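Chemist: Under the UniProt record's numbering, residues 1 to 619 are what the sequence shown spells out, in order. Okay, here's the structure, questions in a sec.
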Amino acid sequence: MMEAPVCLIENRPNGLHVSPEALQLLSEIQNPVVVVSIVGLCRTGKSYLMNRLAGKTTGFSLGSTVQAETKGIWMWCVPYPDRPKQTLVLLDTEGFGDIRKGSSQNDAWIFALAVLLSSTLVYNSVGTIDQTALDNLHFVTELTEHIKAKASSIPGDTVDSSEFVGFFPAFVWSVRDFTLQLKLDNQPITEDEYLEEALKLKTENTEKDRIFNLPRKCIRLFFPTRKCFVFKCPTNSNNLSDLEKIEDSELEPGFVEQANIFCRYVYKASREKTLPGGHVVTGSLLAKLVEAYVDTISSGKVPCPENAVLALAEMENRAAVQEAVARYTQMMERSLKLPTDSLQELLDQHKICEEQALQVFMDRAFKDDTRQFQTELMKTLDSKKEEYCSKNELKSSEISSALLISLSGTLEQNIKNRSYAPAGGQQEFLNDLQKVEKRFSKSPKKGIMAGKILKEFLQSKEDISKILIQSDVSLQEKEKEIEEEKMKAKAKELEDEVQKQKMEMLQQKLEDQKQSYEVNKQKLKEKLEEERNQIKEEYEKMIQSKLREQKALSEEGFCKEANQLEMEIYQLKTKKEETVDTSNWITSAFEMLREAFIAMIPKLLFELLSLVLNRFKPL
């Protein structure tokens, strides 16, 4: 993990620029990430809170002078407390309203990026939550100008907040140097109740009322999951400039306790960063998201998560295929010892490695709607299997050939010396040949090509045998005919055995492909059901958030707004029900996979048919 923060996105006069070094660090993180960003005015103590979340007193620079310290967005990747399989990514953003900054245009983009990249967004302010504090958060009223929820969105279209809620982060409002008492009508209230009271709307009779309501409406609609923390002043003002150097024991106990409560909440409540559709974001995928969003902004366009997901899906799915093939190859190389005693032994190992590779692919791939990449993986693994089958056959052939050369040394020397030329030599030749065959058959670890190599070896000796039969004066003509018939019968027996073995191996390969299809089908079903459940959860989250907001609006007397939300809730429930009925799109996905499977079969069937037909041909 990183020892200190690095600049992820630099805010330069000519625009935003991503740091290649920071992207590289992020790309190396393969764990799911939880992203916590903090935004707010400059010099409000944002960096101090982020250092606390990192478990450090120093790291993110604390600005104690008029000039803001943080420029752009700084990143710190640290181990997640009590979640060893996740990484906590902290993003400290440049403070809004820096007097040294000529243009505030990039403030809006930095805020938009913090929203797009985060699991949890912390807004930090000072004093109280009043109209000034809400006005300072004016970027929230401009979010729809800087973020597109859907690729098909057209400027001027009515905005449905539920489209944003699906991928917007949880919202935490942190109020520093809070001086009020948490009371309403002389009754104690919680911090969350204080926030909700501050977000209450007015009846809109005037333009002033509309302006008053606008930031409140946006926060309520875009961030239905909200939390508030208020902090007393940490110490006397003389020490504030050296806050990072002060031990907890020197700070106000109430401030330290509240800071600890804040950290525990963020750790517990923050969720893994996900893409629209529920796909979990890893560090490497987050790096691609950062690059995609900043490139879009730099090109003068508005970033859109849907567009980013489609663009990243192809890159990530292609990488998923490569990773899966690499895992398959690694496992096969480690566990497969060539030559195998049978083809089934190789196919069994292939099946184990294929399932592992397929799981690697499924864990990483997303939005492979046409099954392009899964079928590509299926075909690639089948080709890899055939490569190993070829290597297995070659290794077996080499070992079997070398063994026969070794075993037949004396035989070959006798042939060269014409030792079998005298009368009765043909029988002696056959006896020696039989000895070679028996010794070869008893030798282990020859592999699946042993029968074919032995057949070819014996065939190579048929001409010599014929010559010896014809030249053996001790044999009558009838005996010579009988010996030749025996030789032909032996050759046919060997050929039949080899052909039978070939047929069995082809049938085994066909069965293996059938099993491979079933495994792919089962994994796909699990993946689709997982994606369906994630989409259902997203819809349920949006429905519940709108129900809460509808109830609040009704209680506050805003019937028109409550009725509008009721219509949106009905539409969301309809979409959720459509998601539950997955029979059609699962069937469609299976059909795409089946077509790829069928395309792989003809070659094997042709080879099998050729073998069957050849059995009826005379030698």
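Just so you know, even glycine gets a beta-carbon here, dropped at the ideal spot from N, CA and C. The model shown is predicted, which means the values in this text are computed figures rather than measured ones.
Apart from the five residues just before and just after Glu197, which ones in its own chain have a Cβ nearer than 8 Å to its Cβ?
Modeler: On the sequence shown, residue 197 is found 197 positions in, with the first residue counted as 1. So the qualifying residues of the chain are Leu184 and Ile189.
Chemist: Could you work out which residue in Ser465, Ser441, Ala287 and Ser400 is closest to Tyr420 when comparing CA atoms only?
Modeler: Residue mapping note: residue 420 aligns to position 420 of the sequence shown, counting from 1. It is Ser465.
Chemist: So, with DSSP's three-state summary, where would you put Glu272?
Modeler: Start at 1 with the first residue of the sequence shown, and residue 272 comes out as number 272. Residue state, collapsed to three classes: coil.
Chemist: Roughly how many whole angstroms lie between the Cα atoms of residue 703 and Ile601?
Modeler: There is simply no residue 703 to check, as the chain begins at 1 and stops at 619 in what is shown.
Chemist: For the beta strand (DSSP E) containing Phe171, name the first residue and the last one.
Modeler: Within the sequence shown, residue 171 is the residue found at index 171, counting from 1. Annotation: the continuous beta strand (DSSP E) that includes Phe171 extends over Ala170 to Arg176.
Chemist: Using the C-alpha atoms, what's the distance from Ile261 back to Ala562?
Modeler: Within the sequence shown, numbered from 1, the residue matching residue 562 stands at position 562. Within the sequence shown, numbered from 1, the residue matching residue 261 stands at position 261. Rounded to the nearest angstrom, the two C-alpha atoms are 34 Å apart.
Chemist: Just the Cα atoms here: how many angstroms apart are Gly63 and Leu547?
Modeler: Reading the sequence shown from its first residue, position 63 is the one you call residue 63. Reading the sequence shown from its first residue, position 547 is the one you call residue 547. Per-residue confidence for Gly63 stands at a pLDDT of 46, beneath the threshold of 50, marking its modelled position as unreliable; no derived number is given.
Chemist: So for Gln86, helix, strand or coil by DSSP?
Modeler: Taking the first residue of the sequence shown as 1, we reach residue 86 at position 86. Residue state, collapsed to three classes: coil.
Chemist: Within its chain, find whatever has a CB closer than 8 Å to the CB of Val332; leave out the 5 residues flanking it on each side and keep chain order.
Modeler: If you number the sequence shown from 1, residue 332 lands on position 332. What sits at residue 332 in the sequence shown is Met, not Val. Cβ within range, chain order: Gln349, His350, Cys353, Lys384 and Tyr388.
Chemist: Once DSSP output is grouped into helix, strand and coil, what is the label at Cys77?
Modeler: If you number the sequence shown from 1, residue 77 lands on position 77. Reduced to three states, the DSSP call for Cys77 is strand.
Chemist: Considering only the beta carbon of each residue, do Ala287 and Leu23 sit closer than 8 Å?
Modeler: Start at 1 with the first residue of the sequence shown, and residue 287 comes out as number 287. Start at 1 with the first residue of the sequence shown, and residue 23 comes out as number 23. Cβ atoms of Ala287 and Leu23: closer than 8 Å.
Chemist: My output table needs one value for Thr93: the three-state DSSP class, helix, strand or coil.
Modeler: Stepping through the sequence shown from its first residue, residue 93 is reached at position 93. Correct three-state label for Thr93: strand.
Chemist: Beta strand (DSSP E) containing Lys227: first to last residue?
Modeler: Here residue 227 corresponds to residue number 227 of the sequence shown, with the count starting at 1. Segment Arg226 to Val230, the beta strand (DSSP E) holding Lys227.
Chemist: Taking the straight line between their C-alpha atoms, what separation do you get for Pro422 and Gln434?
Modeler: Along the sequence shown, read from residue 1 onward, the residue named residue 422 stands at position 422. Along the sequence shown, read from residue 1 onward, the residue named residue 434 stands at position 434. Going from the Cα of Pro422 to the Cα of Gln434 covers about 19 Å.
Chemist: Quick one: residues in its chain with C-beta nearer than 7 Å to the C-beta of Glu191, no 5 flanking neighbours on either side, listed in chain order?
Modeler: Here the question's residue 191 lines up with position 191 in the sequence shown. Cβ within range, chain order: Leu182, Cys228, Phe229 and Val230.
Chemist: Between the segment 30 to 49 and the segment 302 to 312, can you find at least three pairs of beta-carbon atoms closer than 8 Å?
Modeler: Counting Cβ pairs under 8 Å, fewer than three are found: no touch.
Chemist: Could you check where the beta strand (DSSP E) with Tyr123 kicks off and where it finishes?
Modeler: Residue 123 sits at position 123 when you count from the first residue of the sequence shown. Note, Tyr123: beta strand (DSSP E), Thr120 to Val126.
Chemist: Are Gly278 and Glu537 closer than 8 Å when you measure CB to CB?
Modeler: The residue you call residue 278 lines up with position 278 of the sequence shown. The residue you call residue 537 lines up with position 537 of the sequence shown. Yes, they are a contact pair.
Chemist: Using the beta-carbon count (16 or more within 10 Å), is Lys268 buried or exposed?
Modeler: Here residue 268 corresponds to residue number 268 of the sequence shown, with the count starting at 1. Burial call: exposed.
Chemist: Since I believe Leu121 is in contact with Pro215 (beta carbons under 8 Å), could you give me their beta-carbon distance rounded to a whole number of angstroms?
Modeler: Sequence index remark: in the sequence shown, residue 215 carries index 215 (1-based). Sequence index remark: in the sequence shown, residue 121 carries index 121 (1-based). Incorrect: roughly 15 Å between the Cβ atoms, too far for contact.
Chemist: Does Thr410 come out as helix, strand or coil in the three-state DSSP assignment?
Modeler: Within the sequence shown, numbered from 1, the residue matching residue 410 stands at position 410. Of the three classes helix, strand and coil, the one that applies to Thr410 here is helix, per DSSP.
Chemist: Is the segment 552 to 562 touching the segment 403 to 422, taking contact as three or more C-beta pairs under 8 Å?
Modeler: no
Chemist: Could you name the residues of the same chain whose beta carbon sits closer than 7 Å to that of Glu428, not counting the 5 residues immediately before and after it, in chain order?
Modeler: Locating residue 428 in the sequence shown gives position 428, where the first residue counts as 1. Closer than 7 Å at the Cβ level, and outside the excluded window around Glu428, lie Tyr420.
Chemist: According to the Cβ coordinates, are Lys395 and Leu347 closer than 8 Å?
Modeler: Along the sequence shown, one-based indexing puts residue 395 at 395. Along the sequence shown, one-based indexing puts residue 347 at 347. Cβ atoms of Lys395 and Leu347: not closer than 8 Å.
Chemist: Taking C-beta to C-beta, are Leu8 and Ile73 nearer than 8 Å?
Modeler: Taking the sequence shown and counting its residues from 1, the one referred to as residue 8 is at position 8. Taking the sequence shown and counting its residues from 1, the one referred to as residue 73 is at position 73. In contact: Leu8 and Ile73 (Cβ atoms closer than 8 Å).
Chemist: Judging by CA-CA distance, which residue of Val126, Val165 and Ala170 is the nearest neighbour of Arg176?
Modeler: Your numbering for residue 176 matches position 176 in the sequence shown. The option with the nearest alpha carbon to Arg176 is Val126.
Chemist: Where does Met505 land, buried or exposed, given buried means 16+ other C-beta within 10 angstroms?
Modeler: In the sequence shown, the residue the question calls residue 505 occupies position 505. That one is buried.
Chemist: Considering only the beta carbon of each residue, do Asn317 and Ala365 sit closer than 8 Å?
Modeler: Looking up residue 317 in the sequence shown gives position 317. Looking up residue 365 in the sequence shown gives position 365. Taking the C-beta atoms as reference points, Ala365 is found nearer than 8 Å to Asn317.
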